[in-house]
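Numbering (the working numbering), first residue to last: 52 to 479. In what follows, a single structure is set out as structure tokens and then discussed.
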């Protein structure tokens, strides 16, 4: 059976187990065959295993004659922007929102994550005999990449004055420790920072976009807060009343502001099968169509490019503003949200309250050899509850060995009961 290394967001696994230096070396050699004698940028988050994986990846690339530009700790969207500016390939070593023991490899080209076909080509080459090369590439420091990214973001928001604004940032002990605080301060904000360690042992641990309640509990009332994930492509907001503002609500607020500004293309917003029905209702009332895709930012982006939309994203806070960035960028999303709040002259809490949020519960069931989505009883119950008006999504995670069961409906207690019942059946 053919080995499949790439998932919904690159290669990901526990370092030393399913993700090793040997694997990274082979990825480097395979990508090097494709690139030829060009250059590849490498960025990473703060994980301890990042240095080892970068060294192995760079060794593979340089052995095939490719020059490596080492960007150091830098968010995924920053590396994406740099590959767009330099018209080159890039690799990000990160496991995004996953715990510290995980790591991953994401490949980019000219600002975008590579398509499935190119991932398959890399895998095919990894399993074959590598070409012999007589030219060896060089490894060069490219720390100026951080300043290039910050400069580009500041240029995008040169009309945004945050003087007198108080902002709290949860950096998840991850990659945005190198960028977010500087940008907000350059724009005039008074900035309070949480979880800014770069030791690699605490990334995403009880903090960041997957744990936004940390910031909601720690920051003072009257401020606006932003919780980023480990590699900086997601953000969840916290309003001045210390309520969590999830990705769906952020998308709704951005859609409202961009529509009033005349920037929302095609009157379309792209979401996923996980997008809350409350957002869909909110958009519909404003003449905006919600188009759903499979879970994963690359599927959101594919649909955006197909439909001409320039706003799309996920409830998790992975949001793409295509006239700003070619990928999800938590910092750009946060600044765009601040810009909309300023333009509409409303509190973030008031804007968020306008968007209904139907009760939605997600349960994770550990995937084993016995786990089957073809369970007859499971299908029967899904059909029954769907007919009663509940929206149910059962899908394998593309980044973790679990099956996610999501139930959405108007009655929270019933939603919890249904999610629990379906979980028990799937667990066997």
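Ideal Cβ placement from N, Cα and C applies to all residues, glycine included.
### Message
Please classify residue 252 as buried or exposed, where buried requires at least 16 neighbouring CB atoms within 10 angstroms.
### Response
exposed
### Query
Pick from 258, 260, 211, 418: whose alpha carbon is nearest that of residue 237?
211
### Task
Answer yes or no: do residue 221 and residue 259 have a C-beta to C-beta separation smaller than 9 angstroms?
yes
### Query
Under a three-way DSSP split, which group does residue 415 fall into?
strand
### Query
Considering only residues of the same chain and omitting the five flanking positions on each side of residue 295, which have a CB-CB separation below 7 angstroms?
263, 264, 267, 287, 289
### Message
On the DSSP letters alone, give me the boundaries of the beta strand (DSSP E) that residue 217 sits inside.
### Response
Unbroken beta strand (DSSP E) run through residue 217: 217-221.
### Message
If contacts are defined as beta-carbon pairs under 8 angstroms, then residue 381 and residue 134 qualify, I think. What distance do you get, rounded to the angstrom?
### Response
Actually they do not touch by this definition, with Cβ atoms about 18 angstroms apart.
### Sequence-distant residues of the same chain with beta carbon closer than 6 angstroms to residue 64, five excluded per side
70
### Message
To the nearest angstrom, how far is the alpha carbon of residue 76 from that of residue 370?
### Response
Their backbone Cα atoms lie some 31 angstroms apart in a straight line.
### Task
Can you tell me the Cβ-Cβ gap for residue 333 and residue 303, rounded? I've got them flagged as a contact below 8 angstroms.
5 angstroms
#### Entry: Whole-angstrom distance between residue 110 and residue 403, CA atom to CA atom
48 angstroms
### Task
In angstroms with no decimal places, state the Cα-to-Cα distance between residue 453 and residue 436.
23 angstroms
#### Entry: Residues near residue 137 in its chain [Cβ-Cβ closer than 6 angstroms; skip 5 each side]
none
### Query
Going along the chain, which unbroken runs of the beta strand (DSSP E) with 3 or more residues stay wholly within the region 336-377?
With a minimum length of 3 residues, the continuous beta strand (DSSP E) runs that stay inside the region 336-377 are 340-344, 362-364, 370-372.
### Message
Whole angstroms are fine: how far does the CA of residue 183 sit from the CA of residue 279?
### Response
42 angstroms
### Task
Put residue 515 into one of helix, strand or coil per three-state DSSP.
The first residue shown for the chain is 52 and the last is 479, placing residue 515 beyond what the model contains.
### Query
Just the Cα atoms here: how many angstroms apart are residue 483 and residue 366?
Only positions 52 to 479 of the chain appear in this structure, which leaves residue 483 out of reach.
### Query
Secondary structure at residue 189, three-state DSSP: helix, strand or coil?
coil
### Task
Could you check how far apart the C-beta atoms of residue 292 and residue 275 are, in whole angstroms? I think they sit under 8 angstroms.
That belief does not hold up - the Cβ atoms of residue 292 and residue 275 are roughly 10 angstroms apart, past 8 angstroms.
### Message
Please classify residue 61 as buried or exposed, where buried requires at least 16 other C-beta atoms within 10 Å of its C-beta.
### Response
Within a 10 Å sphere around the beta-carbon of residue 61 sit 16 or more other beta-carbons, which makes this residue buried.
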